[in-house]
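Undergrad: This structure is in structure tokens; I'll ask about it shortly.
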Amino acid sequence: MNKLIQGIIFLFLLFFQVLVSNSISLWGIITPMVYIMFILTLPFQMPKWQVVSLGFIMGFSLDLFTGILGHHAAACVLIAFLRMPIIKLIPSHISFEEHLRPIFWDMHFSWYVQYSFYLTLIHHVFYFFLDSMSFHNFFLVLGIAFLNSFASVLFILIFQILFYKASKRY
Numbered sequence: 023m024n025k026l027i028q029g030i031i032f033l034f035l036l037f038f039q040v041l042v043s044n045s046i047s048l049w050g051i052i053t054p055m056v057y058i059m060f061i062l063t064l065p066f067q068m069p070k071w072q073v074v075s076l077g078f079i080m081g082f083s084l085d086l087f088t089g090i091l092g093h094h095a096a097a098c099v100l101i102a103f104l105r106m107p108i109i110k111l112i113p114s115h116i117s118f119e120e121h122l123r124p125i126f127w128d129m130h131f132s133w134y135v136q137y138s139f140y141l142t143l144i145h146h147v148f149y150f151f152l153d154s155m156s157f158h159n160f161f162l163v164l165g166i167a168f169l170n171s172f173a174s175v176l177f178i179l180i181f182q183i184l185f186y187k188a189s190k191r192y
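50 is the number that the numbering used here gives to position 28 of the sequence shown; each next residue is one higher, with no gaps.
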């Protein structure tokens with residue numbers, strides 16, 4: 023995937039999050055965070071420092087738009103840092119060298135759902151605990167993070183089905 027397409031995806035997901043997703047509030051607690059799909063779909067072979075840097079830029083950009091400085095940036099840096107260890111933990115019958123990026127169409131459905139759910143859950147738990155600034159309502163925050171993770175993964179899967187296609191294999 024070239025840098026121009028990555029830049030367009032970055033901007034699209036950022037503005038979709040700011041203009042559409044942040045306006046969705048189911049029962050006052052569920053707001054899908056689809057912007058993390060940018061980090062989830064970065065190529066396997068991209069160096070960790072680049073993934074972490076891009077994660078910071080995405081999170082900080084969203085923080086600037088929402089006025090909540092630091093929460094999104096910190097959560098994005100965390101999942102960018104943990105991305106490869108999580109990828110290695112999930113069993114797969116497919117060699118990662120064969121694929122350019124971890125997208126729905128290139129990986130098995132169950133692998134992709136696990137991958138996106140684990141990283142989304144880590145992001146959301148960290149984000150919502152930063153947002154609450156306490157462990158006082160520990161189980162409530164965990165529940166909110168879980169529900170938001172489920173909604174976010176559902177939206178991410180819909181985006182993957184609608185806008186992505188399988189990588190070319192050589």
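C-beta: ideal position from N, C-alpha, C; glycine also.
Source: prediction; values computed, not measured.
#1: What are the boundary residues of the alpha helix (DSSP H) that Trp49 is part of?
#2: Pop quiz: Phe78 and Ala97 are said to be a contact at Cβ under 8 Å. What is the actual Cβ separation, rounded to whole angstroms?
#3: Whose CA, out of Met55, Ile27, Ile30, Leu35, lies closest to the CA of Phe172?
#4: If you reduce the DSSP assignment to three classes, tell me which class Phe113 lands in.
#5: Straight-line CA distance for Phe193 to Lys25?
#6: If the criterion is Cβ atoms closer than 8 Å, does the pair Asn170 and Thr53 meet it?
#7: Is Gln136 helix, strand or coil by DSSP?
#8: Here's the rule: buried if 16 or more other CB atoms are within 10 angstroms of the residue's CB, otherwise exposed. What is Thr142?
TA: To lay it out plainly:
#1: Premise fails: Trp49 is in no alpha helix (DSSP H) and is neither H nor E.
#2: Their Cβ separation, rounded to whole angstroms, is 11 Å, which puts Phe78 and Ala97 out of contact at 8 Å.
#3: Met55
#4: A quick correction: the sequence has Pro, not Phe, at residue 113. If DSSP states are grouped into helix, strand and coil, Pro113 belongs with coil.
#5: Because the chain spans 23 through 192 in this model, residue 193 falls outside it and cannot be assessed.
#6: yes
#7: helix
#8: buried
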